[in-house]
Amino acid sequence: METLIFGRLNYHDIPYDNPIIMATLGGAIMLLLVVAFLVWYHGQWSYLWREWFTSLDHKRIGTMYIVLSLIMLLRGFADALLMRTQQALAEGGVAGYLPPEHYNQIFSAHGTIMIIFVAMPFFIGLMNIVVPLQIGARDVAYPFLNSVSFWLTVAGAMLVMLSLGLGNFSHAGWSAYPPLSEKHYSPGPGVDYWIWGLQIGGVGTLMTGINFFVTIWRLRAPGMTWMKLPIFSWTILVTTLLIMLAFPVLTVLLALLSLDRTLGLHFFTNHLGGNLMLFTNLFWIWGHPEVYIVILPAFGIYSEVTATFSRKPLFGYTSMVYASLAIATLSFVVWLHHFFTMGAGANVNAFFGIATMVIAVPTGVKVFNWIFTIYRGRLEFTTPILWTLGFIVTFCIGGMTGVLLAVPGADFQLHNSEFLIAHFHNMLIPGALFGYFAGYAYWFPKIFGFRLNETWGKRAFWLWLVGFYLAFMPLYALGFMGMPRRLVHYDNPLWQPYLVTALVGTLLIFAGILCQILQLTLSIQQRRLLQENTGDPWNGRTLEWSIPCPAPAWNFAHLPTVHARDDFHVTKQSGQAPPSLPYSAILLPAASGLGPIMGALAFLLGFGLVWYLWWMAAVALAGLVLCLLVRSLDDETEFLIPATTVEATERALRRIASSPYNASQVSQ
Amino acid sequence: MKIHHSSLSKTFTGFVLSLILTLGAFSIARGWTDLASTMRHVLLVLLALIQILVQLRYFLHLDGSPDQRWKRWTLWYTVLIALLLLGGTLWIMHNAQMHMMAGMESS
Ligand code: HEM
Ligand SMILES: [Cu+2]
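Structure representation (structure tokens):
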């Protein structure tokens, strides 16, 4: 009876005897309560619910995605700091302060969170904000689906966060290889938290992929042929293609592992016909495209930023497009490079090794295109361009170590060493995160109507850059010295200086993050000063800069017709004021509470499955079906904004009513 | 949005067909039929392929009409990637299997 109601949940699952966890948990809960109280005190709950949580406006959903990502970045970074401190201490007779079981959970949580709940929501947030604006659309193809996707991502993230205070998280690494991740070796709820957090978030991502693929394919402004599509939207199109092809593999993989764990089946066990190597194979069929999924959008951002601040059209636009497509296709034939050492023969390893090296070619094309765009441009050293320059240099180093790892013989030596850790952080931090930071600074005014403080943005950049080199270059050396990854303790005094250096680097990154927090708070305080009146703060080239800052709910009062690549730039050049057309009423998707409700139900579903609370899972699932039914039968999903409101808002936003674009900025 | 009657009945046909195909596969896997092992494998793969076609036809509404060029374009890309992944997986797993076996024989 008790298991029927409480599943395997027990009050012992709260780790009250672990002071580190309890202090973190207490702090987090206090913070949450304080924020909740402040919102309540200022009477803002209903505003948040009405205008944000239930909104189907892609710009609002995008902003919420980025907020989620930044919160999770703090969590993922806290994990990194814990690991770095532990490794700086735990040599020889010193055990450090983290027990092995806890350390294993930390690196598993760090990897999972950084990739699934930091990198993914960050670029999904940016694409939500930017893509419809760039292609001249009023919204995405499926606005309601968009909201559901977001809340599913939140549900997944919350499950992972909850594992901190209730039970434990997976100790099997972010890749959760069996047999360790099977029930026999990991009977607790940890791996189940990993499975269901990833599964629920992954379904949300898959639906977003479909949504934006259709959006770009079907909702482009009249005249925007494929070769006139802005390059960021191009990379997003390719990214969504990768999402649609790769994420179903993850969905099935997680489903099979959960069947093994909960129903006692034998897909990946090492007896009764199971094959654990198939797990590794399937994991990386998803896992390798996944790294391109997080990097390609950043490539798009770098391209936009480089063109804008070099005051030149992007060099080699067409080759950029084909390079993206080539990278996407090639990324499906290289997955074995993650397990050269698993036992396949030389022919197999040679094929996948060479295929991996081939990817360096289209990637190299991109690097040269950025450099040639800058060449003879009038480069303006704004924050976004600093992130870009830092990326180009650092990414080339990471790319070369990647080609090195693609040699199977070398990989046998470096596999699972700190060299690998250095390599993929070298790709993911400059390759993905720096790009998102650039995009964040670049498009911030489009959402909030004011720019970010440049001084603190630049300080953050330098701290991140120097911190990155100090934190990760020593790891390459440690890899050559034979240090394996995932070590809680080691007995080699020669390694310690390198690990202490890495800790110093991590502390510099910490200072960089603090600068970013300061930048945001300062910018909000100085928003009058940083206010953006023209709608076009950077003298941009693409359609999103043709509308006011902040962008109104309907994006475009008049849907644009496109005549050229970089259409807005060409219009500005021609010097013609845009014709003053009459305003008309606009139909927009109405807010819906079903998105957050479905997110909450998905969370309960996951929670029920983790703790074997079958009644809860069943109720939540039924609730989800019911929500879909309610939505399908709802006829009032849109509302009309009268022409007078559109006109008044547009006039107010374009504060300089007579000349929409600040004359001094059209000097190009 | 109003759903056309024809599309509703089409969805229903697809639903029934895919249900029959699934039950068929299940009964074969459960050994309710009296077939040789290879025959069962062949039948299972065949049923899976038909299942895919049914779903494309009835749920994704893919047919040969000319306004569907872009759908066909994406379909062929999907087929290409699926073949790469399937072929690659079979190759890798078979190759690894052979190597492990060889090790066991010599020891
Ligand atoms: C911000 C600074 C970061 C620091 C200081 C950092 C530090 C670390 C450390 C110390 C480890 C464990 C290495 C080992 O096993 O010896 C690790 C693992 C990992 N990190 Fe990071 N990291 C950072 C950012 C990121 C980002 C942005 C991502 C992804 C987008 C990421 C993804 C991973 C993954 C996937 C693992 C492997 C986890 C596992 O072993 O299962 N990290 N990181
Ligand atoms: Cu890879």
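Line order of the protein sequences matches chains C and Y.
Per this note's numbering, the first sequence starts with residue 1, numbered consecutively.
Per this note's numbering, the second sequence starts with residue 1001, numbered consecutively.
For every residue, glycine included, the Cβ atom is placed at its ideal position computed from N, Cα and C.
Values in this document were obtained by computation on a predicted structure and should not be read as measured data.
The residue from C:E182, C:L404, C:G316 and C:S331 with its alpha-carbon nearest to that of G264 of chain C is C:E182.
Shortest gap from the CB of H110 of chain C to any heavy atom of ligand 2: 6 Å or more.
Residue contact with chain C for I1092 of chain Y: present (Cβ-Cβ distance below 7 Å to some residue of chain C). At a threshold of 6 Å, H288 of chain C counts as near ligand 2, since its beta carbon sits closer than that to one of the ligand's heavy atoms. Taking 4 residues as the minimum length, the alpha helix (DSSP H) runs contained wholly in the stretch 1027 to 1091 of chain Y are 1037 to 1054, in order along the chain. Closest in C-alpha terms to T1089 of chain Y, from the list C:I71, C:Q105, C:I14 and C:W286, comes C:W286. In the displayed model, F450 of chain C falls within a strand according to three-state DSSP. Around the beta-carbon of S1007 of chain Y, fewer than 16 other beta-carbon atoms lie within 10 Å, marking it exposed.
Judged by beta-carbon spacing, S324 of chain C lies beyond the 7 Å limit of L314 of chain C, meaning their Cβ atoms are not closer than that value. Within 10 angstroms of the beta-carbon of G156 of chain C lie 16 or more other beta-carbons, which makes it buried. Bounds of the alpha helix (DSSP H) holding I327 of chain C are Y317 to L330. The alpha carbon of A88 of chain C has as its nearest neighbour, out of C:A502, C:M342 and C:N347, the alpha carbon of C:A502.
Look at T1013 of chain Y: its C-beta is not under 7 Å from any C-beta on chain C. If you keep only unbroken alpha helix (DSSP H) runs of at least 4 residues inside the stretch 168 to 206 of chain C, you get nothing at all. Taking a Cβ-Cβ threshold of 7 Å, the residues of chain C close to A1096 of chain Y are M277, M342, G343 and A344, in chain order. In the three-state DSSP reduction, Q531 of chain C falls in the strand class (E or B). Scanning chain C for C-beta atoms nearer than 7 Å to the C-beta of L1084 of chain Y yields F332 and V333, reported in chain order. If you ignore the 5 residues before and after A355 of chain C, its C-beta comes within less than 7 Å of the C-beta of L330, V333 and V334, all in its own chain and listed in chain order. The beta-carbon of N168 of chain C is placed no less than 7 Å from the nearest beta-carbon of chain Y.
Between ligand 1 and M114 of chain C, a heavy atom-to-CB distance of less than 6 Å is present. Note on geometry: alpha-carbon atoms of E290 of chain C and L1021 of chain Y lie some 33 Å from one another.
Under the three-state reduction of DSSP output, P537 of chain C falls in the coil class, being neither helix nor strand. Proximity of the stretch 445 to 465 of chain C to the stretch 553 to 560 of chain C falls short of the contact definition, fewer than three beta-carbon pairs being nearer than 8 Å. T251 of chain C has its alpha-carbon roughly 32 Å from the corresponding atom of E51 of chain C.
For the stretch 216 to 229 of chain C, the residues whose beta carbon sits under 7 Å from a beta carbon of chain Y are, in order, W217. M158 of chain C and F437 of chain C have their alpha carbons spaced roughly 24 Å apart. DSSP, read as helix, strand or coil, puts F639 of chain C in strand.
Within the stretch 1059 to 1083 of chain Y, the residues whose Cβ lies closer than 7 Å to some Cβ of chain C are W1070, T1078 and I1081, listed in chain order. Annotation for I295 of chain C: G431 and A432 place their beta carbon closer than 6 Å to its own, counting only its chain and skipping 5 residues before and after.
Annotation for F395 of chain C: P430 and G431 place their beta carbon closer than 6 Å to its own, counting only its chain and skipping 5 residues before and after. When distances are taken from the beta-carbon of M83 of chain C to the heavy atoms of ligand 1, the shortest one is below 6 Å. Within 6 Å of the C-beta of R1057 of chain Y there is not a single heavy atom belonging to ligand 1. The beta carbon of Q1068 of chain Y is closer than 8 Å to those of L1062 in its chain, skipping five residues each way along the sequence. DSSP, read as helix, strand or coil, puts S523 of chain C in helix.
It is roughly 25 Å from the alpha-carbon of L613 of chain C to the alpha-carbon of Y177 of chain C. Exclusion of W194 of chain C from the 6 Å shell around ligand 1 follows from its C-beta lying no nearer than that to any non-hydrogen atom of the ligand.
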